[in-house]
Amino acid sequence: MSDNKLDALKRYFGYDSFRPQQSQIIDTVMENRDCLVLMPTGGGKSVCFQIPAILRQGLTVVISPLIALMKDQVEALRGNGVNAAFLNSTLSSAEQDQVMWQAKVGELKLLYIAPERLFSGNTFEFLREWNVCLFAIDESHCISSWGHDFRPEYRQLTNLKLRFPDVPIIALTATADRVTRRDILKQLNIEHAETFIASFDRPNLNLSVLPGRKRLQQIQSFINKHDGQAGIIYCLSRKGTETVAASLRNAGFKAEFYHAGLAADKRSKVQEQFLRDDIQVIVATIAFGMGIDKSNVRWVIHYNLPSNVESFYQEIGRAGRDGSPSDTVLFYSYMDIITRQDMINNSDQSAEQKELLHAKLNRMKQYAEADICRRRILLSYFNEAVEKDCGNCDVCRNPRTRFDATIIAQKALSGIARTDQKIAMGMLIDILRGSRNRNVLQHGYERLPTFGVGIELRGEEWAEYISQLLNSGVMDIAYDEGHSFKLNPVSRQILKGERKVELVKFIPISERKAKEEEL
Ligand code: ADP
Ligand code: ZN
Numbered sequence: 001m002s003d004n005k006l007d008a009l010k011r012y013f014g015y016d017s018f019r020p021q022q023s024q025i026i027d028t029v030m031e032n033r034d035c036l037v038l039m040p041t042g043g044g045k046s047v048c049f050q051i052p053a054i055l056r057q058g059l060t061v062v063i064s065p066l067i068a069l070m071k072d073q074v075e076a077l078r079g080n081g082v083n084a085a086f087l088n089s090t091l092s093s094a095e096q097d098q099v100m101w102q103a104k105v106g107e108l109k110l111l112y113i114a115p116e117r118l119f120s121g122n123t124f125e126f127l128r129e130w131n132v133c134l135f136a137i138d139e140s141h142c143i144s145s146w147g148h149d150f151r152p153e154y155r156q157l158t159n160l161k162l163r164f165p166d167v168p169i170i171a172l173t174a175t176a177d178r179v180t181r182r183d184i185l186k187q188l189n190i191e192h193a194e195t196f197i198a199s200f201d202r203p204n205l206n207l208s209v210l211p212g213r214k215r216l217q218q219i220q221s222f223i224n225k226h227d228g229q230a231g232i233i234y235c236l237s238r239k240g241t242e243t244v245a246a247s248l249r250n251a252g253f254k255a256e257f258y259h260a261g262l263a264a265d266k267r268s269k270v271q272e273q274f275l276r277d278d279i280q281v282i283v284a285t286i287a288f289g290m291g292i293d294k295s296n297v298r299w300v301i302h303y304n305l306p307s308n309v310e311s312f313y314q315e316i317g318r319a320g321r322d323g324s325p326s327d328t329v330l331f332y333s334y335m336d337i338i339t340r341q342d343m344i345n346n347s348d349q350s351a352e353q354k355e356l357l358h359a360k361l362n363r364m365k366q367y368a369e370a371d372i373c374r375r376r377i378l379l380s381y382f383n384e385a386v387e388k389d390c391g392n393c394d395v396c397r398n399p400r401t402r403f404d405a406t407i408i409a410q411k412a413l414s415g416i417a418r419t420d421q422k423i424a425m426g427m428l429i430d431i432l433r434g435s436r437n438r439n440v441l442q443h444g445y446e447r448l449p450t451f452g453v454g455i456e457l458r459g460e461e462w463a464e465y466i467s468q469l470l471n472s473g474v475m476d477i478a479y480d481e482g483h484s485f486k487l488n489p490v491s492r493q494i495l496k497g498e499r500k501v502e503l504v505k506f507i508p509i510s511e512r513k514a515k516e517e518e519l
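Numbering (full-length UniProt numbering), first residue to last: 1 to 519.
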């Protein structure tokens, strides 16, 4: 049998050898055992069910939420000589009838179907007549409300195992932490399934975080250094994608924006231009990328902080799928955290769900603020232990040093105290650095004893240290009062000299080693 599967890999997919785990996964499915497969995006999950589908008698039903991709996947299979079809709302009812007929008479090896289609009308009843030999559940984290992309219609899949106890299930996902993983097994009623976890490490991806100031300027010089190389910039909002794309186009780059508000034909046009390298830069919301198979994306920039590590990992994973070195940059400032927190607080989620979202956001914050190897943090999120520092992240290249920053903290805090806790970042820095601008003079702040006491640090250093002070709870911020800074009990202890503070030394970009200095 092992020859069969290798033959199939060569004959239908044109590859000479299996990637780690693929072979064992296929064996497990061929032995009629349920399994759960965790592999990063681009890891090669599809062949894990496509090869068993080819080798087995009967029909493999592939459940996927991504209607837009079904056609491509089916066409790719047909192109390789595999009888496959899909069933979704984009087909006319005559076409749907024809596919159902093909399934019934055994003409098909694989049938792709969205869960809402599977459970509408009497399709589910027809399954019994179709000689189903395998269920493949793609994006299976959608069944769990612990995951980051819960889809209620996936819940109906709970019935699959009950109705078809003898048909093996292979559940696949690129994104599942330990809790989600366990929940997938439970929800699918396959608690005894064999779990395969491929390494999520993508050593070719360089990881870095940059201070979130003058982002556009930093991006432009970044793209200039990545001459002609394709990349994706992820933004939080649709509007953001449009502004960033416009400014890049003004600067002479081939950039386009992409978000779910665009008409379908416009979206597929942009995608295609990107695939053909007619566009160098896509500025997109998270709507972009699900299933985009472009192997030579050389960089991914996050203009804003993603809401959780799973999404972040999936998005940076779109770079370097060909295995060549690729860069990922996350812009980060304390405002990003606040924006995200607001979004959660103002959403109509349940209190329990909000708590979960805050916890997930917090893990993302830990990544952004890390002063240990960032890859360790990323992989530990997926419960993968790492033996040593990666050497391919900004922290590894520029190890952080901590120093006693009590005096810095006292200066900032007394600036806040003397202005009645009414000022935000920009004004605080102006006061500390003694800038006599109109705003400062208007309030008479130039007469404060703290005016100019922080002249020894540059504006960007102050911004970095103030962010760190916020992040470490040394002071608070009132986002409902113009983001003004507030003192808290810790602040007061520090002001009184009863407590010390350590901060991580700021390294100007120009002094950072390799990679970053290219920016
Ligand atoms: P995933 O679904 O895990 O994101 P895919 O199944 O789309 O990933 O596979 C990603 C890419 O890797 C595809 O281009 C696929 O053809 C390729 N691939 C899969 N298995 C192998 C293999 N054994 N050898 C070489 N390439 C492979
Ligand atoms: Zn590292």
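Glycine included, each C-beta is placed from N, C-alpha and C at the ideal position.
Next on the checklist: Looking only at its chain, what residues have a beta carbon closer than 7 Å to the beta carbon of residue 520, apart from the 5 residues adjacent to it on each side?
Outcome noted: Since the first and last residues shown for the chain are 1 and 519, residue 520 lies out of range.
Next on the checklist: Considering just the uninterrupted stretch of the beta strand (DSSP E) at A284, what are its terminal residues?
Outcome noted: Here residue 284 is taken as the residue at index 284 of the sequence shown, counted from 1. Residues V281 to A284.
Next on the checklist: Taking DSSP's pairing of strands, which residues face R402 in a bridge?
Outcome noted: One-based indexing of the sequence shown puts residue 402 at position 402. Answer is V504, bridged to R402.
Checklist entry - Going straight from the alpha carbon of L432 to that of E446, what length do you get? => result The count along the sequence shown starts at 1 and reaches residue 432 at position 432. The count along the sequence shown starts at 1 and reaches residue 446 at position 446. Cα-Cα distance, rounded: 10 Å.
Checklist entry - Within 7 Å: the Cβ of Q156 and any heavy atom of ligand 1? => result Position 156 of the sequence shown holds residue 156. The beta carbon of Q156 sits no closer than 7 Å to any heavy atom of ligand 1.
Next on the checklist: Can you find the residues in the same chain that come closer than 7 Å, C-beta to C-beta, to E107, ignoring five residues on each side of it along the sequence?
Outcome noted: As a first step, residue 107 is located in the sequence shown; it is residue number 107 there, counting from the start. Closer than 7 Å at Cβ, skipping near neighbours: N83.
Checklist entry - DSSP on G240, reduced to helix/strand/coil? => result Locating residue 240 in the sequence shown gives position 240, counting from the first residue. Helix.
Checklist entry - Taking 7 Å as the cut-off, does the CB of R163 come closer than this to any heavy atom belonging to ligand 2? => result On the sequence shown, position 163 is the one that residue 163 refers to. Result no, Cβ not under 7 Å from ligand 2.
Checklist entry - Just curious, the alpha helix (DSSP H) that C390 is in, first and last residue? => result Residue numbering aside, residue 390 sits at position 390 when the sequence shown is read from its first letter. Unbroken run through C390: none, as it is neither H nor E.
Item to check | Cβ-based neighbour list, E315, same chain, cut-off 8 Å, excluding 5 preceding and 5 following | outcome: By 1-based counting over the sequence shown, the position of residue 315 is 315. I232, Y234, I286, G289, V300, H302 and P306, listed in sequence order.
Item to check | Where A136 falls: helix, strand or coil (DSSP) | outcome: For the purposes of this step, residue 136 is taken as the residue at position 136 of the sequence shown. Of the three classes helix, strand and coil, the one that applies to A136 here is strand, per DSSP.
Checklist entry - CB V132 to CB L59, shorter than 8 Å? => result Taking the first residue of the sequence shown as 1, we reach residue 132 at position 132. Taking the first residue of the sequence shown as 1, we reach residue 59 at position 59. Closer than 8 Å, so yes.
Checklist entry - Below 8 Å between beta carbons: does that hold for L36 and A171? => result By 1-based counting over the sequence shown, the position of residue 36 is 36. By 1-based counting over the sequence shown, the position of residue 171 is 171. In contact: L36 and A171 (Cβ atoms closer than 8 Å).
Next on the checklist: By alpha-carbon positions, which one of A8, T90, V29 and G482 ends up nearest to residue 523?
Outcome noted: The requested residue 523 does not occur in the structure, where the chain is confined to residues 1 to 519.
Checklist entry - What residues in its chain sit with their C-beta under 7 Å from that of S247, if we drop five residues either side in the sequence? => result The sequence position of residue 247 within the sequence shown is 247, counting from 1. Excluding residues within five positions, the ones whose Cβ falls inside 7 Å are L216.
Checklist entry - With a Cβ-Cβ cutoff of 8 Å, do K10 and I54 count as a contact? => result Here residue 10 refers to the residue found at position 10 when the sequence shown is read from its first residue. Here residue 54 refers to the residue found at position 54 when the sequence shown is read from its first residue. No. Outside cutoff.
Item to check | Cross-strand partners of T158 (DSSP beta bridge) | outcome: Position 158 of the sequence shown holds residue 158. Answer is none; T158 lacks a bridge partner.
Next on the checklist: Relative to the C-alpha of Q280, which candidate in D293, D265 and A245 has its C-alpha closest?
Outcome noted: Position 280 of the sequence shown, counted from the first residue, corresponds to residue 280. Minimum Cα distance to Q280 is reached at A245.
Next on the checklist: Tell me which residues share the same chain as R499 and place their Cβ nearer than 6 Å to its Cβ, disregarding the 5 neighbours each side in the sequence.
Outcome noted: On the sequence shown, position 499 is the one that residue 499 refers to. Same-chain partners within the cutoff: Q493.
Item to check | Closer than 7 Å: Y112 CB and nearest ligand 1 heavy atom | outcome: The residue given as residue 112 occupies position 112 in the sequence shown. No, the beta carbon of Y112 sits no closer than 7 Å to any heavy atom of ligand 1.
Checklist entry - Is any heavy atom in ligand 1 found nearer than 7 Å to the beta carbon of M425? => result As a position in the sequence shown, residue 425 is number 425, starting the count at 1. Result no, Cβ not under 7 Å from ligand 1.
Checklist entry - Which same chain residues, not among the five before or five after H141, have their C-beta less than 6 Å away from its C-beta? => result Translated into positions along the sequence shown, residue 141 becomes position 141. Closer than 6 Å at the Cβ level, and outside the excluded window around H141, lie G147, T173, T175, A176 and T180.
Checklist entry - If you draw a straight line from the C-alpha of A103 to the C-alpha of D138, how long is it? => result The sequence position of residue 103 within the sequence shown is 103, counting from 1. The sequence position of residue 138 within the sequence shown is 138, counting from 1. Approximately 20 Å, taken between the alpha carbons.
Checklist entry - If we ignore side chains and look at the alpha-carbon of each, how far apart do E461 and I26 end up? => result Translated into the one-based positions of the sequence shown, residue 461 becomes position 461. Translated into the one-based positions of the sequence shown, residue 26 becomes position 26. C-alpha separation (whole angstroms): 54 Å.
Item to check | DSSP-derived helix/strand/coil call for N32 | outcome: Taking the first residue of the sequence shown as position 1, residue 32 is located at position 32. Correct three-state label for N32: coil.
Item to check | Continuous beta strand (DSSP E) stretch holding S484: start and end | outcome: Position 484 of the sequence shown, counted from the start, is the residue given in the question as residue 484. S484 to K486 is the extent of the beta strand (DSSP E) around S484.
Checklist entry - Going by C-alpha distance, which of F200, D97 and N206 is nearest F126? => result Counted from its first residue, the sequence shown places residue 126 at position 126. Residue D97 is the option with its Cα nearest to F126.
Checklist entry - Comparing alpha-carbon positions, which option in R397, A359 and A351 lies nearest D371? => result The sequence position of residue 371 within the sequence shown is 371, counting from 1. Measuring from the Cα of D371, the nearest candidate turns out to be R397.
Next on the checklist: Assuming L357 and Y367 are in contact, meaning their beta carbons sit under 8 Å apart, how far apart are those beta carbons, in whole angstroms?
Outcome noted: Along the sequence shown, one-based indexing puts residue 357 at 357. Along the sequence shown, one-based indexing puts residue 367 at 367. Incorrect: roughly 16 Å between the Cβ atoms, too far for contact.
Checklist entry - Does DSSP put P20 in a helix, a strand or coil? => result Sequence index remark: in the sequence shown, residue 20 carries index 20 (1-based). Coil.
Checklist entry - What is the DSSP secondary structure of P211, counted as helix, strand or coil? => result Looking up residue 211 in the sequence shown gives position 211. Strand.
Next on the checklist: With a threshold of 7 Å (Cβ to nearest heavy atom), would R19 be considered close to ligand 1?
Outcome noted: By one-based count along the sequence shown, residue 19 stands at place 19. Answer for R19: yes, Cβ within range of ligand 1.
Next on the checklist: Can you look up D420 in the DSSP assignment and give me helix, strand or coil?
Outcome noted: Working through the sequence shown from its first residue, we reach residue 420 at position 420. Coil.
Checklist entry - Ordered along the chain, which non-local residues of its own chain (more than five positions away) have a Cβ less than 8 Å from that of E517? => result Residue numbering aside, residue 517 sits at position 517 when the sequence shown is read from its first letter. Any answer about E517 is weak, because its pLDDT of 47 lies below 50 and its placement is not dependable; what the coordinates show is given next. These residues qualify, in order along the chain: I509, S510 and E511.
Checklist entry - If we ignore side chains and look at the alpha-carbon of each, how far apart do I338 and A463 end up? => result The residue you call residue 338 lines up with position 338 of the sequence shown. The residue you call residue 463 lines up with position 463 of the sequence shown. The C-alpha of A463 is placed about 16 Å away from the C-alpha of I338.
Next on the checklist: Taking the alpha helix (DSSP H) that E352 belongs to, which residues open and close that run?
Outcome noted: In the sequence shown, the residue the question calls residue 352 occupies position 352. Run containing E352: A351 to A368, per the alpha helix (DSSP H) assignment.
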